[in-house]
Amino acid sequence: MKSLFVMFCLAGLFTLNAPTVHAQTTPLATPWRLDKVIIVSRHGVRPPTKMTRQMHEITSQTWPNWSAPLGHLTPTGATLVSLLGGYYAQHLQQAGLFAQGGCPAEGSVSTWADTDQRTRMTGQAWLDGFAPGCGLTIRSQADRHHPDPLFHPLEAGLCHLPPHDAERAIQAEAGGDVATLPAQSASALQLFEQVLDFAHSPYCQGKPEANCSLATAYPNQLTTSADGSVKLQGNLALGSTLAEIFLLEYADGMAANSVAWGHHFTAEQWASLLAMHNTQFRIMQQAPAIARYKASPLLARIAQGLQPTSPARLELLVGHDTNLANLAGILGIRWQLPGQPDNTPPGGELVIERWQDPDSQQYWVRLQFVYQTLSQLREQTRLTLATPPGIVALSLPDCQKEAVQGACPLSRFVEITRQRLQPDCLPDTPGKDE
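Put into structure tokens, the structure is as follows:
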């Protein structure tokens, strides 16, 4: 019954802030032991989900071909994700969560992915890297034509976010008016114009040079669709899309002359371009009033998995960058990733660990963001305990008094997060319907 699940979830959940950087996963105090891990992952590298007319109008050049259909996980994307799975096999075996050698015990690994090919295949590639030859399979909603409410509660019709409330939250997150944002992105927009050869694009043909800039051609504005969803249109949304495409080209291992048509970006330029992507996500996905609606099912699912009665030792939930941003918003997290300009990169993971003190039997919760750096993606670096992925530790600001080494007592964690859920956005049993 949905009402029973809501009552359970409202009895406990979570919040965050202020990241610190760790070069690798560090154990908590001896004799504490790692007891449970929940991973919420973005899918791996994919081509653009669609190529609109606008994408052809803004450049004089031909977009490169990909090794997979639009929106699908690429072969390289699968390889990169499997490297993460392989790292976790080493890490969790060393931590004693799984035995060295052999396959995980039945029921010790729980999985769920969104219905898209890229999310399902990401989950499968991760499992194949984690436990090769063991026959672990990713689970997902059987109905591929209806949005999975765990990842898309608004689209699935679980609840309704009033457009006026969404617009007000977005404008507040933007500093008062989205129309003023181009000034913050001026250098990135100029670099995009050079890369696109925008001056010679179909859009600019026959137009005065003064009218041929991305800032003036595509002013930022909010629009409300027929279904009531609020969308950001303009140069910030366009820049966000372009930055992500160029990063995906680079991560997929495309030839240097194909990535952004041969433009070689410095680390500072990558950061400038991806700042538009990160800003758009902060405004549109992380605003707390919006994230509360979009992230409640996932947050409820995480809280349920943290209960000591949950049998699985590892839970893998595979969704999208929007899901990670929504969780960041509902939890109050703001992170930056050393060596990775995209705050929600392909394969990036929000990791929730449950630890236990065997003396007191008390449970503790620790949160991290785990990701592959830009160079690790490009070079397909084999990840090991000696060469780990990037790891950023996250702390709970409302648990400062009770925290030990950044870990919060599970009981306090539940208390802090109880008020984060939007009850009408909760499915009956999130991530449990095949």
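Mature numbering (1 follows the signal peptide of the UniProt record, and there is no 0) puts the sequence shown at residues -23 to -1, 1 to 411. Where is the CB? At the ideal position from N, CA and C, for every residue including glycine.
Sort the options by Cα distance to residue i and report the nearest one.
i           : options                   : result
Y195        : Q357, I35 and I393        : I35
P323        : S18, L5, A160 and R10     : S18
G54         : R331, D401, G367 and G325 : G325
T200        : V328, H141, S235 and S87  : H141
Q317        : A244, A370 and N42        : A244
W247        : S217, A264, Q262 and A232 : S217
A192        : P159, L168 and L135       : P159
A203        : P139, S162 and H20        : P139
I16         : F346, A380 and S37        : F346
L225        : D174, L301, L50 and Q31   : L50
residue 412 : G21, K13, P52 and V58     : Residue numbering for the chain in the displayed model covers -23 to 411; residue 412 lies beyond these limits and cannot be assessed.
T361        : S37, H68, P25 and T56     : H68
G205        : E144, V236 and H240       : E144
R23         : Y180, D405, A237 and R95  : R95
I307        : Q263, G112, H240 and T26  : Q263
D229        : A380, Q382, L354 and G84  : L354
Taking the beta carbon of residue i as the centre, do at least 16 other beta carbons fall within 10 Å, making it buried, or is it exposed?
i      : result
P315   : exposed
L398   : buried
Q257   : buried
E170   : buried
D401   : exposed
M28    : exposed
L(-8)  : Note that L(-8) scores 35 on pLDDT, short of 50, meaning its location in the model is unreliable; the coordinates nonetheless yield the value given after this. Result: buried.
N42    : exposed
D93    : buried
K271   : buried
D120   : exposed
E356   : exposed
N255   : buried
V(-18) : The pLDDT assigned to V(-18) is 49, lower than 50, so where the model puts this residue is not dependable; a value taken from the coordinates is nonetheless given after this. V(-18) comes out buried.
T114   : exposed
D125   : buried
E330   : buried
Q396   : exposed
C376   : buried
T364   : exposed
M261   : buried
E221   : buried
A149   : exposed
R97    : buried
Q118   : buried
L(-20) : Caution applies to L(-20), whose pLDDT of 37 falls short of 50 and renders its modelled position unreliable; the value that the coordinates give is listed next. With fewer than 16 other Cβ atoms within 10 Å, it is exposed.
Starting from residue i, trace the alpha helix (DSSP H) in both directions and tell me its first and last residue.
i    : result
G100 : Q94 to F107
E83  : Unbroken run through E83: none, as it is neither H nor E.
R359 : Segment: none, R359 is in no alpha helix (DSSP H) and carries neither H nor E.
R278 : P265 to L283
L224 : N212 to A228
P140 : P140 to E150
E392 : L387 to T394
L314 : Segment: none, L314 is in no alpha helix (DSSP H) and carries neither H nor E.
Q70  : P52 to Q71
A45  : That residue, A45, is in no alpha helix (DSSP H); it is neither H nor E in DSSP.
R23  : First-last for R23: undefined, no H or E at that position.
R30  : R30 to E34
M253 : A244 to M261
Would you list the one or two residues that DSSP bridges to residue i?
i    : result
Y340 : Q333
K208 : T200
E170 : For E170, which the question treats as bridged, DSSP gives no partner whatsoever.
F346 : L327 and V369
W89  : L294
V381 : A384
S117 : A90
Starting from residue i, trace the beta strand (DSSP E) in both directions and tell me its first and last residue.
i    : result
A192 : Not the beta strand (DSSP E): A192 falls in the alpha helix (DSSP H), residues L191 to A194.
V17  : R10 to R19
V295 : L291 to G296
L371 : G367 to S372
Can a CB atom of chain C be found closer than 7 angstroms to the CB of residue i?
i    : result
C402 : In the structure shown, chain C does not exist; there is a single protein chain.
Is the region 61 to 78 close to the region 101 to 117, with three or more CB pairs under 8 angstroms? The region 101 to 117 and the region 61 to 78 touch, with three or more beta-carbon pairs separated by less than 8 angstroms.
For the region 201 to 212 against the region 154 to 167, are there 3 or more C-beta pairs whose distance is under 8 angstroms?
Short answer: they touch.
Is the number of C-beta pairs between the region 274 to 290 and the region 85 to 97 that are closer than 8 angstroms three or more? Yes, they touch.
(message) Quick check: the region 329 to 344 against the region 372 to 385, are at least 3 beta-carbon pairs closer than 8 angstroms?
(response) Look at the beta carbons and you see the region 372 to 385 touching the region 329 to 344: at least three pairs across the two are nearer than 8 angstroms.
Margin query: Under 8 angstroms: do the region 118 to 137 and the region 169 to 185 share three or more Cβ pairs, one atom per stretch?
Written below: Segments in contact, no.
- Is the region 72 to 87 close to the region 298 to 309, with three or more CB pairs under 8 angstroms? By the criterion of at least three beta-carbon pairs nearer than 8 angstroms, the region 72 to 87 is not in contact with the region 298 to 309.
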